[in-house]
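All remarks here apply to the structure that follows.
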Amino acid sequence: MAKAIFNGKLLNVNEVLSSISLFFVDGNIPDKDIPYAEKLDRSKLDFSVASLRYVDEYLKIVRKKKLNDRQKALICLRCGTYCGEVIRKNTFDLEWITYEQEILLENYMGKFKVKKDPIYSYFLYGKHAKSLSQPIQKVIKFFENGEGDSLEFFAKMVIFDNNNAIKFLLSFLKNPFPKKIPVVEVKSPEKNGIRPQRL
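FYI, numbering that gives the first Met the number 0 numbers position 77 of the sequence shown as 76, with every residue one higher than the one before it.
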């Protein structure tokens, strides 16, 4: 379980970032709420993948506004942690890790080029699927590039990839030396269609 220092205390990273995502959902801290909070329909934020389309709509609006760095950072952190928690709740085996922990993993994960800044410092890591993703960075990309960097699509792809890697691992553990490699039908988030996947 990943731990990091927050306000001088060693805390569980999953718990802290999960709490930040709840600030985004609840909006109960008026003086520290996200800018243009009235543009977000919080009643739709139920941690489902579909709820991310409302976050995308909100980001589409606020990226056109003049925001200072603090406002952008607040939006990126809250929207990014919400996206990460949506992914975590809709798949398994994912945990938040810190930049420092990612560096320890880079021997087999490859190098992630990030700026050394708190907003860039958190990753979702799948131990069994050997996956690494950055939901907070995806929000920054949305600010830069627009809706082509949709959080909803990003979450679907991370969940799809992680779940397929876990399914493959489980099938291999059940039958490590199959005579024939099975082909299964897996729903693709790309086109909402069916395509064959090798296990």
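Glycine included, C-beta positions come from ideal geometry on N, C-alpha and C.
In this structure the stretch 155 to 165 lies against the stretch 128 to 143, because at least three pairs of beta carbons, one per stretch, are closer than 8 Å.
Scanning E84, S149 and M156 for the CA closest to the CA of Y121 turns up E84.
The alpha-carbon of E151 is positioned some 18 Å away from that of F91. Taking C-beta atoms under 8 Å as the contact rule, T80 and V12 fail to qualify, at a distance of about 11 Å. Excluding five sequence positions before and after Q133, the CB atoms of its chain that fall closer than 7 Å to its own CB belong to F122, given in chain order. Judged by DSSP in its simplified three-state form, F46 adopts coil rather than helix or strand. Within the DSSP bridge table, the entry for Y57 names no partner.
Under the DSSP assignment, G83 falls in the alpha helix (DSSP H) whose first and last residues are D68 to K88.
Here the stretch 141 to 150 makes no contact with the stretch 29 to 46; the two share fewer than three CB pairs at distances below 8 Å.
Residue environment analysis places L169 among the exposed positions, since fewer than 16 neighbouring C-beta atoms fall within 10 angstroms of its C-beta.
According to the DSSP assignment, L21 belongs to no beta strand (DSSP E) but to the alpha helix (DSSP H) extending over V12 to D25.
For the pair I135 and L76, the CB atoms are nearer than the 8 Å cut-off.
Judged by DSSP in its simplified three-state form, Y121 adopts strand. Apart from sequence neighbours up to five positions away, the residues of its chain that approach I86 with a beta-carbon distance below 7 Å are L93, L123, P134, A154, V157 and I158, ordered along the chain. DSSP, read as helix, strand or coil, puts S149 in coil. Here the C-alpha atom of S42 lies approximately 12 Å from the C-alpha atom of V54. Across the structure, L73 and N89 are spaced so that their CA atoms are roughly 24 Å apart.
In terms of Cβ geometry, K38 and V24 do not form a close pair [threshold 8 Å]. Inclusion of K63 and F142 in the CB contact set at 8 Å is not warranted, their separation being larger than that value.
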